[in-house]
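Data block below; observations after.
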Amino acid sequence: MARHGSGERRGRVPSILIVDDDLEQADAAALPFSRVATVKTRTPGDVSESDLAGADVVLIDYVLDDWHPDSESIASHPKDGVALAAVLRSHLAKGATTALAIHSGQLDGLSCGLTPQSHLHLIARINNVEWVFSKKEAENARPRREQVLSLARAIRSLPTKWPANNQSRIRKILENLLGPIPAAWKQRAWQHIEECHPPIHELSPPTYAITFVRWMLCSILPFATFLWDYRYLAARLRVTPGSLERALKEDSSFSRKLAPFAYKGVLHDFLGHRWWRPGIEHFLWSKTKANPFDVDELKRVIAELSRYLEPISLSEPVVPFDETLRPMDDLIELSDAVELRPDDWPSYAGKPWARRDLANEHPRLRSLIAPLSAR
Amino acid sequence: MPGLIFSIADTLRELESAKQLTRRFTENAESVFPKLKVQMESLEVERSQSATNWGIPLSQPLRTKLSRGEYEPGGGGVKVCGELSFTWKIQRMAPKKAKDRAKQFRLVGNASTVARVFEIKDDDSKGDEIAMWRCEIGDDQSPGCHFHVQVMGQEDEGPFPKKLSIPRLPSCLPSPMVALEFLIAELFQDSWKKHMFSESSDLQHWRSIQRDRFKRLYDWQTGVLSGQSQLSPWSALKYAKPPENIFVK
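First to last, the sequence lines map onto chains A and B. According to our numbering, the residues represented by the first sequence are 33 to 407, in order. According to our numbering, the residues represented by the second sequence are 177 to 425, in order.
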């Protein structure tokens, strides 16, 4: 238990604990991490406090049907991985920085009917774990191995103390975690970060740095916030998302121009590339001679940026979502869209839109249309 | 007289509350207001001192929902919709320390808000423009009133053609957002009234900002009328120029 909260400097290799009712399956799940992380595998009954304390990430299988504890007391027999995660969390030291995550090939049981691909952050929140990984790779935003390592590295980089009552120190910590922000747009960046309610005020229990990781995983990265994915960046630049992706891939000069605005902080590789919205606004302010929304100015700027960028002819482009609430690559006109109000959508995040015809076609989507949009 | 000064924080609050208050009456608030906010935030933190055009372009106006004749109390008019655009040429006022955020900006040129009303056809598509007025803020050289409204004046032909720059009707609409409230309150007489009587935090913010502005505006005008001017009351108001800091504390 000495590692967490003691102020000791940690090593660089991430540490992963895999808990499964079938040890052979746990060993198989450990294989991809063998060269890049310290991995332990355990059955639920064999997990010790030191195993927990030494782990950055605990991956817990959801279905534990093959685990038969000695005791017949129901209190000592968590029925599934979510219940086991709660038990394990109760054994973590106060302020411990260990992420508990479920991994399963059968997310139906804990997804409350939500489509896993687009709702893993919400499923994680509902089940009080840091993340939910699907054993079906197609349901994860990125390969599970990369995501687990990204999460483990994020946990490893957390400070041992979280001085929520000392705003200047906590801000310094956040600066370290969120990565370098150039002075030219630092003020603007902090304004945007503050609008997204980072856990640095009264709701953040002292020393619970893990709340920061949860905030990033469940409240920031899945949405358009102070960080943008390529679709929102494309909408802002008024180009097609496909052409932006292509330009980033094939035009090194363009990539270099955007590099200062790429998010490089913790979890930067968890859900895919993100760009600092305040950085992009700063960039456009200077490039458009203080006319950052002038359509002709923007056209001139993107023509200079890369020949791969294809301008859009939309007047007011928005990023639409499909019937499973996944963002789509084809931007649409605001006047063709309806606003959706999914449960738990952060108020500070960019609004989710859907094509009006698509929303009317799918009853579930139709039920999410914001009242004012429905008129 | 240098241009009027406005508080950036007040303007940001005004935008936020205007967006929330007018959402149910507008089609594209979610597209228009974030742009206005980003521009204002840029002014706050970017150190450039060059003048910029802040506003809603004529080509992408803020559009109201369809008014089914609701410009008449109780309804009964024809179907119309409104559009609002504006341009304010403004300049950041540098803070004392270069690294600090700017707190104020100054009007340094054109300050024009255009409201248009269009007739709606039977198939609910947009028809002809049937009304247009411009809320303007004058400058040193303007013949008065400093805050005035002009009707049409953008076409060469017809009533109120471009060559005729009068009348400049006195106005009490000191910002584009107040001009928006005016437009919506005209187009949706009953529902706006009802909306104004339902308490909300956005309305509280809005009321607080606008009450202060209106009070300052009317206090200044009262001061003009109470002075020892040789002019008639109307002429005194026509030729008076407000102090640059009329709207800031």
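From the three backbone atoms N, C-alpha and C, an ideal C-beta is built for every residue, glycine too.
Inset, instruction - Let me know the secondary structure DSSP gives A:S287 once reduced to three states. - result: helix
Inset, instruction - Give the interface partners of B:S377 over in chain A, defined as CB-CB distance under 8 Å, in chain order. - result: Within 8 Å Cβ-Cβ: nothing; B:S377 doesn't reach chain A, min ~13 Å.
Legend entry - Pairwise C-alpha distance: A:R309 and A:H153: 21 Å
Legend entry - chain B contact for A:F325 (CB, 7 Å cutoff): yes
Legend entry - C-alpha gap between A:R35 and A:I134, whole angstroms: With a pLDDT of 38 at A:R35, under the threshold of 50, the modelled position of this residue cannot be trusted; read the value that follows with caution. Going from the Cα of A:R35 to the Cα of A:I134 covers about 23 Å.
Inset, instruction - Quick one: grab the DSSP three-state call for A:R74. - result: strand
Inset, instruction - For A:F302, verify whether its CB is less than 6 Å away from any heavy atom of the ligand SAM. - result: Among the components of this structure there are no ligands whatsoever, and the ligand SAM is therefore not found.
Inset, instruction - For B:A185, collect the residues of the same chain with a Cβ closer than 8 Å to its Cβ; drop the 5 residues on either side in sequence, then sort them by chain order. - result: K279
Inset, instruction - Assuming A:S189 and A:V298 form a contact by the criterion Cβ under 8 Å, report the distance between their Cβ atoms to the nearest whole angstrom. - result: 6 Å
Legend entry - Closer than 7 Å at the beta carbon, the chain A residues around B:T228: A322 and N323
Inset, instruction - For B:W410, count neighbouring Cβ atoms within 10 angstroms of its own Cβ and tell me buried if that reaches 16, exposed if not. - result: exposed
Legend entry - Proximal residues of chain B, C-beta to C-beta of A:E329 below 9 Å: Those do not exist, as A:E329 stays about 11 Å from chain B at its closest Cβ, beyond 9 Å.
Inset, instruction - Report yes or no: is there a C-beta of chain B within less than 7 Å of the C-beta of A:L363? - result: no
Legend entry - B:N229 - partner residues in DSSP beta bridges: B:K265
Legend entry - Meets three-Cβ-pair contact criterion under 8 Å: the segment 107-114 of chain A and the segment 91-99 of chain A: yes
Legend entry - Contact list for A:S345 against chain B, beta-carbon separation under 7 Å: The contacting residues do not exist; A:S345 stays about 13 Å from chain B at best.
Inset, instruction - Could you say if the segment 321-334 of chain B and the segment 294-302 of chain B meet the contact criterion of at least three C-beta pairs nearer than 8 Å? - result: no
Legend entry - Residue range of the unbroken beta strand (DSSP E) whose run includes B:G303: K302 to I313
Legend entry - Bridge partner(s) assigned by DSSP for B:F323: B:I313
Inset, instruction - Would you mind reading off the limits of the beta strand (DSSP E) that contains B:R189? - result: Careful: B:R189 lies outside any beta strand (DSSP E), inside the alpha helix (DSSP H) at I184 to T198.
Legend entry - Bridge-paired residues (DSSP) for B:T240: B:T202
Inset, instruction - Please state if the CB of B:R244 and the CB of B:E259 are separated by a distance shorter than 7 Å. - result: no
Inset, instruction - Have a look at B:Q386 and B:T263 and give me their C-alpha separation to the nearest angstrom. - result: 20 Å
Inset, instruction - Assign A:E393 to buried or exposed, taking buried as 16 or more other Cβ atoms, counted over all protein chains shown, within 10 Å of its Cβ. - result: exposed
Legend entry - Residues, ordered as in the chain, of the segment 55-85 of chain A that lie near chain B by beta-carbon distance below 8 Å: none
Inset, instruction - Ignore the nearest five residues each way along the sequence and tell me which others in A:G39's own chain have a CB closer than 6 Å to its CB. - result: With a pLDDT of 35 at A:G39, under the threshold of 50, the predicted position of this residue should be treated as unreliable, though the coordinate-derived value follows. Around A:G39: T192.
Legend entry - Between the CA atoms of A:L303 and A:V71 - distance to the nearest angstrom: 23 Å
Legend entry - Three-state secondary structure (DSSP) of B:R292: strand
Inset, instruction - Please classify B:A205: is it buried, with 16 or more other beta-carbons within 10 angstroms of its beta-carbon, or exposed? - result: buried
Inset, instruction - To the nearest angstrom, report how far apart B:Q268 and B:F182 are at their CA atoms. - result: It should be pointed out that residue 268 of chain B corresponds to Arg in this sequence rather than to Gln. Rounded to whole angstroms, B:R268 to B:F182 spans 10 Å at the Cα level.
Legend entry - Beta-carbon proximity list for B:S341, same chain, < 8 Å, skipping 5 on both sides: Q326 and G329
Inset, instruction - Name the one or two DSSP bridge partners that A:S136 has. - result: A:S166
Inset, instruction - Could you please give me the residues that DSSP links to A:D14 through a beta bridge? - result: In the structure as shown, chain A starts at 33 and stops at 407, and residue 14 of chain A therefore has no counterpart that could be examined.
Inset, instruction - Find the residues of chain B that neighbour A:S338, judging by a C-beta separation of less than 7 Å, and give them in chain order. - result: Chain B residues near A:S338: none, gap ~23 Å exceeds 7 Å.
Inset, instruction - Measure the Cβ-Cβ separation of A:V114 and A:L146 and say whether it is below 7 Å. - result: no
Legend entry - Reduced DSSP category for A:F244 - H, G, I as helix; E, B as strand; rest coil: helix
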